[in-house]
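Residues 207 to 590 (my numbering) are what the sequence shown spells out, left to right. Ideal placement from N, C-alpha and C gives every residue a C-beta, glycine not left out.
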Amino acid sequence: MAMLAENARRMPRSGIREVMDLAWSLPGPVIGLHVGEPSFATPEHVRDGARRALDRGDTRYVANAGIPEVREAIAGKVAARNGLQVGPEQVVVSAGGMQALYTALSATVAAGDEVLVPDPGWPNFAMAVQLLQARPIGYPLHADDGFLPDLEGLAGLVTDRTRALIVNFPSNPLGAVLPAVLAERLCRFADEHDLWLISDECYDEITFDAEPVSPGRWDEHERVLSCFSFSKTYAMTGMRVGYLVAPLTVAATAAKLQEPLIACVNAPAQYAALAALEGPQDHVETMRRAYRERRDAAAAQLDRAGVAYHLPRGAFYMWVDVSDRCGGDVKSWALELLRERHVAVAPGTTFGDQGEGWVRISLATDTGDLLEGIDRLAGVEARR
Ligand SMILES: Cc1ncc(COP(=O)(O)O)c(C=O)c1O
Numbered sequence: 207m208a209m210l211a212e213n214a215r216r217m218p219r220s221g222i223r224e225v226m227d228l229a230w231s232l233p234g235p236v237i238g239l240h241v242g243e244p245s246f247a248t249p250e251h252v253r254d255g256a257r258r259a260l261d262r263g264d265t266r267y268v269a270n271a272g273i274p275e276v277r278e279a280i281a282g283k284v285a286a287r288n289g290l291q292v293g294p295e296q297v298v299v300s301a302g303g304m305q306a307l308y309t310a311l312s313a314t315v316a317a318g319d320e321v322l323v324p325d326p327g328w329p330n331f332a333m334a335v336q337l338l339q340a341r342p343i344g345y346p347l348h349a350d351d352g353f354l355p356d357l358e359g360l361a362g363l364v365t366d367r368t369r370a371l372i373v374n375f376p377s378n379p380l381g382a383v384l385p386a387v388l389a390e391r392l393c394r395f396a397d398e399h400d401l402w403l404i405s406d407e408c409y410d411e412i413t414f415d416a417e418p419v420s421p422g423r424w425d426e427h428e429r430v431l432s433c434f435s436f437s438k439t440y441a442m443t444g445m446r447v448g449y450l451v452a453p454l455t456v457a458a459t460a461a462k463l464q465e466p467l468i469a470c471v472n473a474p475a476q477y478a479a480l481a482a483l484e485g486p487q488d489h490v491e492t493m494r495r496a497y498r499e500r501r502d503a504a505a506a507q508l509d510r511a512g513v514a515y516h517l518p519r520g521a522f523y524m525w526v527d528v529s530d531r532c533g534g535d536v537k538s539w540a541l542e543l544l545r546e547r548h549v550a551v552a553p554g555t556t557f558g559d560q561g562e563g564w565v566r567i568s569l570a571t572d573t574g575d576l577l578e579g580i581d582r583l584a585g586v587e588a589r590r
C-alpha cells in the first residue's frame with residue numbers, strides 16, 4: 207500500500223472531536239458543553255442573503271480573494287469596529303476563520319520553521335502548523351497573569367527558526383481579552399524578533415465589559431495578519447465564511463494561495479455574510495447579552511459548588527479548575543464524566559500541556575443544560 211504523508215499521519219486529532227464522537231455514540235441524551243456552536247438560529251436576513259443569491263443564480267466561481275462588494279463591506283467593518291484602516295485589496299474572504307488562519311500560515315511559514323502558539327490554546331493552531339511541516343512551540347499562559355502572554359518568557363522561546371507568533375483574543379478556551387498596551391508591545395516584540403504576528407480575532411464581537419483590541423492597529427512594519435470569522439458573531443458556523451486582513455503583499459499572496467486550496471468561497475455564503483454586515487446588528491447584541499447572562503449564571507453555580515474557574519471577558523467559554531477531582535488525568539476524567547453522567551466537556555489537555563487539571567465548558571449551550579451540566583460535573587467528589 208502507498209504510504210501516507212508523515213506530517214498528515216502525525217498530526218494529532220482534535221481532542222474535542224474525540225469527545226464529540228463518544229457523545230454521539232452513547233445511548234440517551236447527553237448535555238453537550240464541549241463545542242463552540244452558538245445555540246441561536248442564523249438571523250433571517252442573513253439566510254435571505256444566501257437565498258436571494260441562489261435565486262439570482264449567483265452560484266458560479268467568483269474571484270479568489272472574494273466578491274468585491276463583500277471585501278469592500280469587510281474593509282468598512284474592520285475600520286469601524288476594529289480600528290484597522292485598510293482597503294478592500296487587503297481583505298481575503300476565506301472558508302471560515304480556520305481557513306484564514308491556514309492561508310496566513312501558508313503564506314508565511316515554511317517546512318522546518320517554528321511557530322509560537324498559545325498553551326492553553328485552540329488545538330487547530332498547532333494542527334495547522336504541523337500540517338505545513340513546521341513546528342508548533344507552545345508558550346505557556348498562566349492564570350496569575352490573567353492568561354496574557356509574558357514577553358520575557360516569549361523571548362526565551364524565539365530561535366533562529368521562529369517565523370511567527372500566533373495570538374488569540376478574545377481567547378478560546380480562556381476568555382482573556384487583550385489590553386491595548388500589550389497589543390502594542392506584541393507588535394514591537396514582532397518587530398524586534400522579525401516575526402509575523404498572526405492574530406486570531408474570531409470572537410472579536412463577543413466581549414463583556416471590555417473592548418476588543420486588534421494588534422493590527424499598531425502594525426508599523428507590515429507584519430500583522432488578522433483572522434476573523436462570521437461563524438460566531440452571526441451564528442452561521444456551517445456557512446463557512448471568514449476573512450484575513452493583511453498587508454498588501456501578503457494579501458495578494460494569500461489570494462493566489464486560495465486557488466489550489468479552495469479556489470473561492472461559496473458565493474451564496476458570501477452574500478449571506480454581506481447581508482450580515484449590512485443588515486441590523488441587534489442580533490449580535492442579543493447573543494452577547496445571552497452569553498453574558500449564561501456566564502454569570504454559570505459562575506454563580508460554580509461558586510455555590512465550590513469549584514474554581516476563570517471568569518471570561520470575551521468569547522463564550524469558561525475555563526474550570528477540576529484539578530482536585532481529576533487525579534492528574536483530566537482527559538480520562540472527562541471521558542468518564544461523559545460515560546457516567548452524560549455531560550460532555552472539553553478536557554484541558556486538548557488545548558496544550560498547561561491544560562492539565564482544567565476543562566473548558568461552552569456557554570453556547572442554553573442556560574438550563576448549562577446549569578444541569580455544571581451540577582453533574584460539580585457532583586463528582588473531589589479527591590483528597
Ligand atoms: C479561536 C478560534 N479561531 C477560529 C475558529 C474558526 O471558526 P470558523 O472556521 O468556523 O470561522 C474557531 C472556532 O471554533 C476558534 O475557536
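Ligand 1 heavy atom lying under 7 angstroms from the CB of Lys529:
Looking up residue 529 in the sequence shown gives position 323. Looking at the sequence shown, residue 529 is not Lys but Ser. Because no heavy atom of ligand 1 lies under 7 angstroms away, the Cβ of Ser529 does not count as near it: no.
Test item: CB-CB of Arg429 and Trp402 under 8 angstroms
If you number the sequence shown from 1, residue 429 lands on position 223. If you number the sequence shown from 1, residue 402 lands on position 196. The answer is yes: Cβ separation under 8 angstroms.
Within this structure, are the beta carbons of Ala301 and Val456 separated by less than 8 angstroms?
Locating residue 301 in the sequence shown gives position 95, counting from the first residue. Locating residue 456 in the sequence shown gives position 250, counting from the first residue. Going by C-beta atoms, Ala301 is not nearer than 8 angstroms to Val456.
What residues match up with Gly448 in a beta bridge as DSSP calls it?
If you number the sequence shown from 1, residue 448 lands on position 242. Partner(s): Ser300 and Ser435.
Kindly give me the distance between the Cβ atoms of Asp297 and Ile280, rounded to whole angstroms, as I take these residues to be in contact under 8 angstroms.
In the sequence shown, counting from the first residue as 1, residue 297 sits at position 91. In the sequence shown, counting from the first residue as 1, residue 280 sits at position 74. Reading off the sequence shown, one finds Val at residue 297, where the question assumed Asp. About 5 angstroms separates the two Cβ atoms, so the contact holds.
Our contact map puts Met226 next to His240 with C-beta atoms below 8 angstroms; I'd like the distance itself, whole angstroms only.
Mapped onto the sequence shown, residue 226 falls at position 20. Mapped onto the sequence shown, residue 240 falls at position 34. Indeed they touch by this definition, with Cβ atoms about 7 angstroms apart.
What three-state label does DSSP hand Ser231 in the structure shown?
To locate residue 231, count along the sequence shown from 1; it is residue 25. Helix, per DSSP.
Pick from Arg566, Met524 and Ala441: whose alpha carbon is nearest that of Trp596?
Residue 596 lies beyond the residue range present for the chain, which begins at 207 and ends at 590; the question has no answer from this structure.
With a 10 Å radius around its C-beta and 16 neighbouring C-beta atoms as the bar for buried, classify Asn213 as buried or exposed.
For this step, residue 213 is matched to residue 7 along the sequence shown. Exposed.
The beta strand (DSSP E) with Pro324 in it runs from where to where?
Here residue 324 refers to the residue found at position 118 of the sequence shown. Element bounds for Pro324: Glu320 to Asp325.
By DSSP, does Ser405 sit in helix, in strand, or in coil?
Sequence index remark: in the sequence shown, residue 405 carries index 199 (1-based). Strand.
Which value, in whole angstroms, describes the spacing of the CA atoms of Gly574 and Leu371?
Within the sequence shown, residue 574 is the residue found at index 368, counting from 1. Within the sequence shown, residue 371 is the residue found at index 165, counting from 1. Cα-Cα distance, rounded: 39 angstroms.
Compute every distance between the C-beta of Ser435 and the non-hydrogen atoms of ligand 1, then say whether any falls below 7 angstroms.
For the purposes of this step, residue 435 is taken as residue 229 along the sequence shown, with counting starting at 1. Within the cutoff, so yes.
At a cut-off of 7 angstroms, would you count Asp325 as near ligand 1, judging by its Cβ distance to the nearest heavy atom?
Working through the sequence shown from its first residue, we reach residue 325 at position 119. Answer for Asp325: no, Cβ out of range of ligand 1.
Start and end residues, alpha helix (DSSP H) containing Pro466:
Numbered from 1 along the sequence shown, position 260 holds the residue referred to as residue 466. Membership of Pro466 in the alpha helix (DSSP H) is indicated by the continuous run Leu454 to Leu467.
Pull up the distance between the alpha-carbon of Leu544 and that of Cys408, whole angstroms please.
Counting from one through the sequence shown, the residue named residue 544 turns up at place 338. Counting from one through the sequence shown, the residue named residue 408 turns up at place 202. Each residue's Cα considered, the two are about 28 angstroms apart.
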